[in-house]
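A.B. asks:
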Amino acid sequence: MKTFAICLCLLLPVAASAASSDAAKLQGCFESSASGPQSGVLGKCVGMFQPSCKDDTTIGIAECIMREQRGWDELLNAWWTPMKARAQANGSWDSLLAAQRQWIKDRDAECARRYEEAGGGSIRVIYGAECQRDLTAARAVEFFYSLNR
10 MKTFAICLCL LLPVAASAAS SDAAKLQGCF ESSASGPQSG VLGKCVGMFQ PSCKDDTTIG
70 IAECIMREQR GWDELLNAWW TPMKARAQAN GSWDSLLAAQ RQWIKDRDAE CARRYEEAGG
130 GSIRVIYGAE CQRDLTAARA VEFFYSLNR
């Protein structure tokens, strides 16, 4: 777990403008697919940055995946604000906050498990990064659909 966290920290530095640009690209993909089911959005939009970095090194591929994860995280955080406002208005704030805190713990535990399960090879960095991206994207899409149903 500690090694996984250290590896991810090495991948995190990126300019804020690049992250916002990435979030905008993801949101554009998302908005063009959002009239369908959540699974359609996830299938079309998650991993959309990967083709541009598939021939990179293992660390380069993981950085690319984490760049996309940061874009999804930016969208998740943007949609958290209206989720919070709605929950406060209808009296479900405590349960939403508890659920989000549990989701973070569950995501981190699942991604650490996938990282460790891959063994000692460098591919585990990619597995851990993909897990972070995929679970963050799924949560962001879940928030959007919850807000817009």
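Under my numbering, residue 158 is the last one in the sequence shown; the count climbs by one each step, no gaps. Virtual Cβ for every residue (Gly too), placed ideally from N, Cα, C.
Measuring only the C-alpha atoms, how far is Val-23 from Leu-84?
C.D. replies: What you label residue 23 is simply residue 14 of the sequence shown in a count that begins at 1. What you label residue 84 is simply residue 75 of the sequence shown in a count that begins at 1. Here the model assigns Val-23 a pLDDT of 44, short of 50, so the residue's position is not dependable and the matter cannot be decided.
A.B. asks: By a C-beta neighbour count over all protein chains shown, 10 Å radius and 16 as the cutoff for buried, is Thr-90 buried or exposed?
C.D. replies: In the sequence shown, residue 90 corresponds to position 81, counting from 1. The residue is exposed, with fewer than 16 neighbouring Cβ atoms inside 10 Å.
A.B. asks: With Asp-65 as the anchor, note down where its alpha helix (DSSP H) starts and where it stops.
C.D. replies: On the sequence shown, residue 65 is found 56 positions in, with the first residue counted as 1. No alpha helix (DSSP H) holds Asp-65; DSSP gives it neither H nor E.
A.B. asks: Are there 16 or more other CB atoms within 10 angstroms of the CB of Asp-143, so buried, or fewer, so exposed?
C.D. replies: Translated into positions along the sequence shown, residue 143 becomes position 134. By the neighbour-count rule (16 or more Cβ atoms within 10 Å), Asp-143 is buried.
A.B. asks: Would you say Lys-93 and Trp-102 are within 8 Å of each other, going by their C-beta atoms?
C.D. replies: Indexing the sequence shown from 1 puts residue 93 at position 84. Indexing the sequence shown from 1 puts residue 102 at position 93. Against a cut-off of 8 Å, the Cβ pair of Trp-102 and Lys-93 comes out as a contact.
A.B. asks: Can you tell me whether Phe-39 is helix, strand or coil according to DSSP?
C.D. replies: Taking the first residue of the sequence shown as 1, we reach residue 39 at position 30. If DSSP states are grouped into helix, strand and coil, Phe-39 belongs with the helices.
A.B. asks: Below 8 Å on the Cβ atoms is my guess for Phe-152 versus Trp-88; work out the distance and round it to an integer in Å.
C.D. replies: Here residue 152 is taken as the residue at index 143 of the sequence shown, counted from 1. Here residue 88 is taken as the residue at index 79 of the sequence shown, counted from 1. Rounded, the Cβ-Cβ distance is 4 Å, consistent with contact.
A.B. asks: Let me check understanding here. Comparing Cα to Cα, which of Trp-112, Leu-105, Ile-68 lies closest to Ala-146?
C.D. replies: Against the sequence shown, residue 146 aligns to sequence position 137. For Ala-146, the nearest C-alpha among the options comes from Trp-112.
A.B. asks: Starting from the C-beta of Cys-38, find all residues in its chain whose C-beta is less than 7 Å away, skip the five residues before and the five after it, and write them out in chain order.
C.D. replies: Position 29 of the sequence shown, counted from the first residue, corresponds to residue 38. If we look at Cys-38 and ignore the five residues flanking it on each side, its Cβ neighbours are Lys-53, Cys-54, Met-57.
A.B. asks: Hey, how far is the Cα of Gln-78 from the Cα of Arg-110?
C.D. replies: The count along the sequence shown starts at 1 and reaches residue 78 at position 69. The count along the sequence shown starts at 1 and reaches residue 110 at position 101. In this structure, the CA atom of Gln-78 is about 18 Å from the CA atom of Arg-110.
A.B. asks: Let me know if Leu-35 comes out buried or exposed under the rule of 16 or more other beta-carbons within 10 Å of its beta-carbon.
C.D. replies: The count along the sequence shown starts at 1 and reaches residue 35 at position 26. By the neighbour-count rule (16 or more Cβ atoms within 10 Å), Leu-35 is buried.
A.B. asks: Could you give the C-beta distance for Arg-158 and Cys-140, rounded to a whole number, given that I count them as a contact under 8 Å?
C.D. replies: Translated into positions along the sequence shown, residue 158 becomes position 149. Translated into positions along the sequence shown, residue 140 becomes position 131. 27 Å between Cβ atoms; not a contact.
A.B. asks: Does the beta-carbon of Ala-107 have 16 or more other beta-carbons within 10 angstroms, so that it is buried, or is it exposed?
C.D. replies: Numbered from its first residue, the sequence shown carries residue 107 at position 98. Ala-107 is exposed by the Cβ-count criterion.
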